[in-house]
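Student: Dropping the structure in here first, questions after.
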Amino acid sequence: MCPTGSELSRTVEKSNLRSAFDVLDADGDGRISHADLRAFYGGISGSDDDVIGSMISAADSNRDGFVEYEEFRRVLGGGKRRGGVNAAMEEAFRVMDKDGDGKVGMEDLKVYLEWAGLDARDEDVRAMIRLGGGDESGGVTFEGLLKILAV
1 MCPTGSELSR TVEKSNLRSA FDVLDADGDG RISHADLRAF YGGISGSDDD
51 VIGSMISAAD SNRDGFVEYE EFRRVLGGGK RRGGVNAAME EAFRVMDKDG
101 DGKVGMEDLK VYLEWAGLDA RDEDVRAMIR LGGGDESGGV TFEGLLKILA
151 V
């Protein structure tokens, strides 16, 4: 067991935050753009251009129109919940859980991976779900998704 505040604990929190950043950085260019957030939130009520612009402005401390990892970390690093897991990860999970059942199922994860530009073969998605402690019929919980993203 690691005591709270240990180096390992900080490393886990940092990797979870990095995973959240990477999920939002749809084009993988190392910064979150307006287009990245529009793609991520696409189809969700309230995700219009003004809201997305406000989200970027809130984090964009150097005012270049993008959110780099350090800006992302600075803004979201203090908003931890659920044992040190960043709230941004919970938001990513909520978006991926299209049917709102509290689990990312086979179809939810496959659609997300395809949206992210990854070849999502059924057997790969099944393996990811198993890695996260879930099963094909029930899907994977938030904590399970964190295990998948950590890999």
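Count the sequence shown with full-length UniProt numbering and you get residues 1 to 151, in order. Glycine residues also receive a C-beta, built at the ideal position from the N, C-alpha and C atoms.
Within the chosen definition, does the segment 110–126 reach the segment 50–69 through at least 3 CB pairs nearer than 8 Å?
Tutor: Segments in contact, no.
Student: Distance, Cα to Cα, M1 vs L17?
Tutor: Note on M1: pLDDT 35, under 50, position unreliable in the model; the coordinate value appears next. Rounded to whole angstroms, M1 to L17 spans 22 Å at the Cα level.
Student: My parser needs the beta strand (DSSP E) runs of 3 or more residues fully inside the segment 54–136; what are they?
Tutor: none
Student: Rounded to the nearest angstrom, what separates E90 and V75 at their Cα positions?
Tutor: 15 Å
Student: Check this for me: beta carbons of V125 and K110, under 8 Å apart or not?
Tutor: With respect to the 8 Å criterion, V125 and K110 are classified as neighbours on the basis of their beta carbons.
Student: Do D36 and D22 have their CB atoms nearer than 8 Å?
Tutor: no
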